[in-house]
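Heads up: the sequence shown is residues 19 to 225, going by this note's numbering. We put the CB at the ideal spot given by N, CA and C, even for glycine. For reference, the structure is listed below as structure tokens.
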Amino acid sequence: MDLYFAPLSCSLATRIALYESEQTAGFHEVVLSTKRTRTGADYRAINPKGQVPALVCDDGEILTEGVAILQYVADRAPASGLAPPAGEFARYRLQQWLNYIAAEVHKQVFYTLFNPAVPIEAKTFAREVALPIRFEHLSGHLKDRAYLVGDRFTVADAYLVTALNWAAPGGVDLKRWPVLADWHAVQLQRPAVARAVGEELALRAAA
Ligand SMILES: N[C@@H](CCC(=O)N[C@@H](CS)C(=O)NCC(=O)O)C(=O)O
């Protein structure tokens, strides 16, 4: 497998899932502003959408969209528990959270905050209205749970820790939601998460 990623972007969740499940993969950094890899290759030849993550599977199939990639990676290593088995109700619960993080947190909030083309009024709405609603919802769910789904770390947690990393650079003080701040701090201590974040921080610093 080969993962196309950009440091500290949403593709970090897939790197975390790979490390959590001890799967090997090649890693190819994409410069999102030029849509080229670090080696100069045209990234749109891999993913015409120009977005990370993209996963080139061992049989050559190319999978895009983070929530699909995360489940694919999890299903290749069922013993990791990164996703409940397909067909069990818990799998739909996982998909519920993956979709919530993708659609409501990632796109509605952080895409709006980070995209320079978005008008200031929309950014203000995202920061002051949309974000608090979503963070309250997540806080309510996590206040008496260690993980989003069931009693072990899943790819939904990998995606959420990735999204919460964006709070500080997005000008959001996560301490306003102590449950989320504490949960995020705990997840950052997981060896696979610490390794993935540390490696991508180093890449970002070197760029
Ligand atoms: N729907 C895609 C969105 C992925 C996405 O937004 N990736 C961002 C990085 S977090 C990106 O590649 N942005 C560059 C762009 O949209 O051109 C998914 O869920 O995988």
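Check	Outcome
Cβ atoms of residue 32 and residue 87: under 8 Å apart, would you say?	yes
Starting from the C-beta of residue 136, find all residues in its chain whose C-beta is less than 7 Å away, skip the five residues before and the five after it, and write them out in chain order.	130
Could you check where the alpha helix (DSSP H) with residue 46 kicks off and where it finishes?	Unbroken run through residue 46 is the beta strand (DSSP E), 44-49; no alpha helix (DSSP H).
Using C-beta distances below 7 Å, list every residue in its chain close to residue 123, excluding the 5 sequence neighbours before and after it, in chain order.	152, 181
Please report the distance separating the alpha-carbon of residue 54 from that of residue 80.	17 Å
For a quick check, are the C-beta atoms of residue 157 and residue 195 less than 8 Å apart?	yes
Look up residue 23 in the DSSP assignment and give the residues it is bridged to.	47
List the endpoints of the continuous alpha helix (DSSP H) containing residue 32.	30-38
Can at least three beta-carbon pairs, one atom from the stretch 63-82 and one from the stretch 26-41, be found at a separation below 8 Å?	yes
Please report the distance separating the alpha-carbon of residue 104 from that of residue 191.	37 Å
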